[in-house]
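Asker: If you want the working numbering, it's the position in the sequence shown, counting the first as 1, plus 138.
From the three backbone atoms N, C-alpha and C, an ideal C-beta is built for every residue, glycine too.
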Amino acid sequence: MVVCGLVKDPIDKLLDDAASGKSLFKNREVLHFTFMPDLVLHRDDEQKKVTQSLIPLLKRARPSNLLIYGKPGTGKTLVVKKVLGKIQERVKDGSFPIQLLYANAKEETTLYGLLVKFGRQLGLASQKELPTTGLSISEVFNRLIAAIEKNTLNTVFVVDEIDYLAELVSKTGKDVFYSLTRANERLKKGSLTLIGISNDLTFKERLDPRVLSSLSEEEIVFTNYTVNQIKEILTERIKEAFIPNVVDQAALNLCAAMSGQEHGDARRAIDLLRVAGEIAEREQADMVKEDHIRRASLKMEEDKETTALNSYPLHEKLLILAVMKANGSTTGEIYQSYKNLCKTTRQKELTQRRVTQMLSEIEMTGLISGKIIHQGMHGRTKKFALTLNPETVKKAFKEDLVLEDLL
Ligand SMILES: Nc1ncnc2c1ncn2[C@@H]1O[C@H](COP(=O)(O)OP(=O)(O)OP(=O)(O)O)[C@@H](O)[C@H]1O
Ligand SMILES: [Mg+2]
Numbered sequence: 139m140v141v142c143g144l145v146k147d148p149i150d151k152l153l154d155d156a157a158s159g160k161s162l163f164k165n166r167e168v169l170h171f172t173f174m175p176d177l178v179l180h181r182d183d184e185q186k187k188v189t190q191s192l193i194p195l196l197k198r199a200r201p202s203n204l205l206i207y208g209k210p211g212t213g214k215t216l217v218v219k220k221v222l223g224k225i226q227e228r229v230k231d232g233s234f235p236i237q238l239l240y241a242n243a244k245e246e247t248t249l250y251g252l253l254v255k256f257g258r259q260l261g262l263a264s265q266k267e268l269p270t271t272g273l274s275i276s277e278v279f280n281r282l283i284a285a286i287e288k289n290t291l292n293t294v295f296v297v298d299e300i301d302y303l304a305e306l307v308s309k310t311g312k313d314v315f316y317s318l319t320r321a322n323e324r325l326k327k328g329s330l331t332l333i334g335i336s337n338d339l340t341f342k343e344r345l346d347p348r349v350l351s352s353l354s355e356e357e358i359v360f361t362n363y364t365v366n367q368i369k370e371i372l373t374e375r376i377k378e379a380f381i382p383n384v385v386d387q388a389a390l391n392l393c394a395a396m397s398g399q400e401h402g403d404a405r406r407a408i409d410l411l412r413v414a415g416e417i418a419e420r421e422q423a424d425m426v427k428e429d430h431i432r433r434a435s436l437k438m439e440e441d442k443e444t445t446a447l448n449s450y451p452l453h454e455k456l457l458i459l460a461v462m463k464a465n466g467s468t469t470g471e472i473y474q475s476y477k478n479l480c481k482t483t484r485q486k487e488l489t490q491r492r493v494t495q496m497l498s499e500i501e502m503t504g505l506i507s508g509k510i511i512h513q514g515m516h517g518r519t520k521k522f523a524l525t526l527n528p529e530t531v532k533k534a535f536k537e538d539l540v541l542e543d544l545l
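1. Could you pull the DSSP bridge partners for Phe380 from this structure?
2. May I ask which residues mark the beginning and end of the alpha helix (DSSP H) holding Asn448?
3. Determine the contact status of Val384 and Met425, defining contact as a CB-CB distance below 8 Å.
4. Whole angstroms are fine: how far does the CA of Phe535 sit from the CA of Leu268?
5. Mapping DSSP to helix, strand and coil, what is Asn292?
6. Who's in the neighbourhood of ligand 2, going by beta-carbon under 7 Å from any heavy atom, listed in chain order?
7. Judging by CA-CA distance, which residue of Ile286, Phe315, Glu245 and Lys255 is the nearest neighbour of Thr271?
8. Leu524 to Ile275, Cα distance in whole Å?
9. Thinking C-beta only, is Ile417 closer than 8 Å to Ala434?
10. For Thr331 and Leu353, which I take to be in contact (beta-carbon distance under 8 Å), what is that distance rounded to the nearest angstrom?
11. Per DSSP, what kind of secondary structure is Asp154 in: helix, strand or coil?
12. May I ask you to list the residues that DSSP assigns as paired with Ile335?
13. Taking the beta carbon of Met174 as the centre, do at least 16 other beta carbons fall within 10 Å, making it buried, or is it exposed?
14. Under three-state DSSP, which class holds His453?
15. CA-CA distance, Gly223 and Ile431?
16. Under 8 Å, do Thr468 and Lys520 count as touching if we go by C-beta distance?
17. Which whole-angstrom value is the C-beta distance of Ser329 and Thr293, which I expect to be below 8 Å?
18. Any heavy atom of ligand 1 closer than 7 Å to the Cβ of Gly470?
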């Protein structure tokens, strides 16, 4: 028999534990991706190069356009923001007006939006000065130019994740990319320098040669961090994020190794540590151990897969389920399985040709894998299998009302 009062209510237990301060974190904000650490390790050379390329500003001359690239999580955004911050601080009360502007193309859905972001930073604050919709791109552009000329500003436009800009730039806007890199030539007063940052190493090859030649007047490449460098970056972050001595040395080593060996990606390392810390804390563990890192890695992988799965339209989802149900089958058999699922969910089936094409598209993302099978005189066919855990698929698709009953 359970005596009332002896068994703690689960909500109370959690709240009590939280109130009694049994937390492993001192300041978890420090592990958030927007946090700017004071200490930037192993990037002296890159910080110097970025600063050097902007030094003409202090001498009242226009810096060259600059293209910065390197793999994800190699400190590009951090270094550029740091340098901009320092320069802006110095010229705050100078007589020579310098304006450093930053926008991330990945965060914008349109080119218009990106230009408005810059416009606002240039002081075009009101809707009248720069409305959020309605103008032509070239008119928005003219207003930016006019704002620079009006105050004879010396500006630096940083377009982070500039490869996304290429996607925002539709056919009509194609010239804008060109205009942006050559904007300085249009200015009668003031100056404009463009800094593009990209982690897509193929980005350069895809650029129009004219755009490339003006964007990459200068170039800086960020190399991947080594496992040891990641370890030192993590060690600094741990000091600020966790209470002393709660991250096991072996856990730190594993975290650095997992993110360093494969990608040299500091963001992934920091994320992994944060998730591991949260798992450990939820379990009321006294320390973050290797096992927490391993489980954090699995969880992050699964979250990534879930997001990918959820982002598919309905028929792709049905097809993934068909592959799951007829795992390792030929295209023809999977098509049958797909047709059955369409019947059950009362959806109009797509043609086999379209479905075959969709299979190839999904295969490219790695969620399913295909293998060509030679059948002698019967030619060849392709067999498909799911590469993920079926449970992950079920969990992800349960949220889709049409698929709910199938699962
Ligand atoms: N040298 C470093 N010292 C301390 N922290 C670092 C260092 N390099 C990167 N970080 C941290 O790692 C994370 C990723 O860095 P950052 O955002 O600068 O990468 P990035 O190169 O811009 O990546 P992406 O191409 O994906 O945008 C950030 O949280 C940043 O604070
Ligand atoms: Mg970045």
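Answerer: By the coordinates alone:
1. Within the sequence shown, residue 380 is the residue found at index 242, counting from 1. DSSP lists Phe163 as partners of Phe380.
2. Sequence index remark: in the sequence shown, residue 448 carries index 310 (1-based). Start and end: Glu428 to Asn448.
3. The sequence position of residue 384 within the sequence shown is 246, counting from 1. The sequence position of residue 425 within the sequence shown is 287, counting from 1. Yes, they are a contact pair.
4. Counting from 1 along the sequence shown, the entry for residue 268 is found at position 130. Counting from 1 along the sequence shown, the entry for residue 535 is found at position 397. One C-alpha to the other measures close to 43 Å.
5. Locating residue 292 in the sequence shown gives position 154, counting from the first residue. DSSP places Asn292 in strand when its eight states are reduced to three.
6. Lys214, Thr215, Asp298, Glu299, Ile335 and Asn337
7. In the sequence shown, the residue the question calls residue 271 occupies position 133. For Thr271, the nearest C-alpha among the options comes from Lys255.
8. Locating residue 524 in the sequence shown gives position 386, counting from the first residue. Locating residue 275 in the sequence shown gives position 137, counting from the first residue. Going from the Cα of Leu524 to the Cα of Ile275 covers about 45 Å.
9. One-based indexing of the sequence shown puts residue 434 at position 296. One-based indexing of the sequence shown puts residue 417 at position 279. Yes, they are a contact pair.
10. As a working mapping, residue 331 is identified with position 193 in the sequence shown. As a working mapping, residue 353 is identified with position 215 in the sequence shown. With 8 Å as the limit, Thr331 and Leu353 do not qualify as a contact, their Cβ atoms being about 11 Å apart.
11. Here residue 154 refers to the residue found at position 16 of the sequence shown. Asp154: helix per DSSP, three-state reduction.
12. Taking the sequence shown and counting its residues from 1, one reaches residue 335 at position 197. Answer is Ile206.
13. Numbered from 1 along the sequence shown, position 36 holds the residue referred to as residue 174. It is exposed - the Cβ of Met174 has fewer than 16 other Cβ atoms within 10 Å.
14. The residue given as residue 453 occupies position 315 in the sequence shown. If DSSP states are grouped into helix, strand and coil, His453 belongs with the helices.
15. Here residue 223 refers to the residue found at position 85 when the sequence shown is read from its first residue. Here residue 431 refers to the residue found at position 293 when the sequence shown is read from its first residue. Distance between the alpha carbons of Gly223 and Ile431: 34 Å.
16. In the sequence shown, the residue the question calls residue 468 occupies position 330. In the sequence shown, the residue the question calls residue 520 occupies position 382. Yes, Cβ-Cβ distance for Thr468 and Lys520 is below 8 Å.
17. For this step, residue 329 is matched to residue 191 along the sequence shown. For this step, residue 293 is matched to residue 155 along the sequence shown. At roughly 7 Å, the Cβ-Cβ gap stays under 8 Å, so Ser329 and Thr293 are in contact.
18. The residue given as residue 470 occupies position 332 in the sequence shown. No, the Cβ of Gly470 stays beyond 7 Å of every heavy atom of ligand 1.
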